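One rule links them: number in my numbering = place in the sequence shown (from 1) + 15. Written below as structure tokens is the structure these notes are about.
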Amino acid sequence: VQLQASGGGLVQAGRSLRLSCALSGNTFSITIMGWYRQAPGEQRELVALISNLGSTTYGHSVKGRSTITRDIAKNTGYLRMNSLKPEDTAVYYCHAMVGGANYWGQGTQVTVSS
């Protein structure tokens, strides 16, 4: 299973951003996909998860201003973040659980300028 993240970049505070995560390979038994992020000197933290049944979980720091969705036909997940803050600056990692195993994408940098 391979995960390809895209959509990161430099954005002004208050604006929105959409990240994409395209899965390829043997994704037949995918159960969860989502996003984590890691800022310099910080631990990796949960941003959002979506299950194969469509249930979602959000990290407390983004809850209320982020939406995770998934296009099953395209094997692609999306994370839209609104009202971005400088503290949202981090490397965002796409994650998927397939057949009980964890897979990670390469990470995409999101930088929010004040």
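Don't be surprised by glycine CBs; every beta carbon is placed ideally from N, CA and C. From a predicted model like this one, the values you see are computed outputs, not experimental measurements.
Residues that DSSP places opposite R52 in a beta bridge: E60 and Y107
8 Å Cβ cutoff met for L99 and V62: no
Range of the contiguous beta strand (DSSP E) that encloses T82: S81 to D86
Local Cβ density within 10 Å of G49, reported as buried at 16 or more and exposed below that: buried
Local Cβ density within 10 Å of G29, reported as buried at 16 or more and exposed below that: exposed
Alpha-carbon spacing of Q17 relative to T91, whole angstroms: 11 Å
8 Å Cβ shell around R59 - same chain, five flanking residues per side excluded: Y51, R52, Q53 and Y108
Range of the contiguous beta strand (DSSP E) that encloses L25: G24 to Q27
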